[in-house]
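Take 1 as the starting number for the sequence shown in full-length UniProt numbering and just add one per residue. Here a beta-carbon is modelled for each residue, glycine too, at the ideal position from N, C-alpha and C. To start, the structure under review is shown below, and the notes come after it.
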Amino acid sequence: MTLTQEALAVRTEPTPTHNQAVLIVHGKDRTGIVAAISAVLGKHDANIVSLDQYSDNPHGGAFFQRTVFALDHLKARLPQVELDLRAKLAEGFELEYTLRDLSQPKRVAIFASKDDHCLLDLLWRHRRGELPVNVAMVISNHPDTADEVRFFGVPFFHVPSAGPDKSAAEAQHLRLLQGNVDFIVLARYMQILSGDFIERVGVPIINIHHSFLPSFIGAGPYAKAKQRGVKLVGATAHYVTEDLDEGPIIEQDVIRVSHADTVRDLQRRGADVERAVLSRAVRWHSEDRVIRHENHTIVFA
1 MTLTQEALAV
11 RTEPTPTHNQ
21 AVLIVHGKDR
31 TGIVAAISAV
41 LGKHDANIVS
51 LDQYSDNPHG
61 GAFFQRTVFA
71 LDHLKARLPQ
81 VELDLRAKLA
91 EGFELEYTLR
101 DLSQPKRVAI
111 FASKDDHCLL
121 DLLWRHRRGE
131 LPVNVAMVIS
141 NHPDTADEVR
151 FFGVPFFHVP
161 SAGPDKSAAE
171 AQHLRLLQGN
181 VDFIVLARYM
191 QILSGDFIER
201 VGVPIINIHH
211 SFLPSFIGAG
221 PYAKAKQRGV
231 KLVGATAHYV
241 TEDLDEGPII
251 EQDVIRVSHA
261 DTVRDLQRRG
271 ADVERAVLSR
281 AVRWHSEDRV
291 IRHENHTIVF
301 A
């Protein structure tokens, strides 16, 4: 075993999720929601492990809550818990909710192009047990990263996407994805997804890009930023919508740079931030810590 293989073989043990479930609740705020949720879980002898809540206005505003609870023999008992929650929350309070067994990781497909820093970082973190997901596949419009991806034991699919008409590529994407993934990550995938694809794929899509937008649009953003003498570079992870780069933001970060940094320095520093921001966004989404509301998010990080 080489030194690289030994390093990759080291795994960080994930937080135990056996017999744990996560409940996400959102809707119109009113008195008694937290008590009602606690009562249902208490009825089933569930132990609340963590609880986060937020209201944007306690007088009839929007309410959000994330609850993780432990329950012996969870798989067998969860359907009855769900029925009782439905009666109390959906029918009694008219709230929307999701309930998920945390021992079942979400399935993700990663889209990539030639830049591999975000792609390989996600695969490395997954290899170490830092991301509670199943990486179902990597899809790229270039074959360059095929060997690296397969080294991680992940299926790699090369789907060329050249020219203005992306319909053939997107049709192949849909054949690969539908029924096989719970969300998609664009790890510096340098192609624009059509509104038709976004609607038909039917799962959340997370994108990462530099935080100069709406400035420095197009090719060579770091060269343009150098010319303007920027003092900060950063990254933004957000959900994809039909409005390009305007979807709900999940996470952002910046670092300071100086006049002495070259364009290559700015690119390297920017790539560092992109890796960190995207990995946090993927982890928070996979743990149901992000609730979308209108065009923004509530993140219980």
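| Check | Outcome |
| --- | --- |
| Local conformation of K43 per DSSP, three classes | helix |
| Cβ contact check for the region 221–237 and the region 197–204: 3 or more pairs under 8 Å | no |
| Cross-strand partners of Q65 (DSSP beta bridge) | V25 and Q53 |
| H158 burial status per 10 Å Cβ neighbour count (16 or more: buried) | exposed |
| Simplified DSSP state of A112, which is helix, strand or coil | strand |
| Distance between S50 and G61 (C-alpha atoms, nearest Å) | 23 Å |
| Span of the alpha helix (DSSP H) around S167 | S167 to L177 |
| Rounded separation between G195 and S140 - CA only | 19 Å |
| Stretch-stretch touch, CB-based, cutoff 8 Å, three pairs: the region 125–141 with the region 103–116 | yes |
| 7 Å Cβ shell around L120 - same chain, five flanking residues per side excluded | E148 |
| Enclosing beta strand (DSSP E) for L232 [first to last residue] | L232 to Y239 |
| Closest by C-alpha distance to D165, when choosing among N57, L193 and R275 | L193 |
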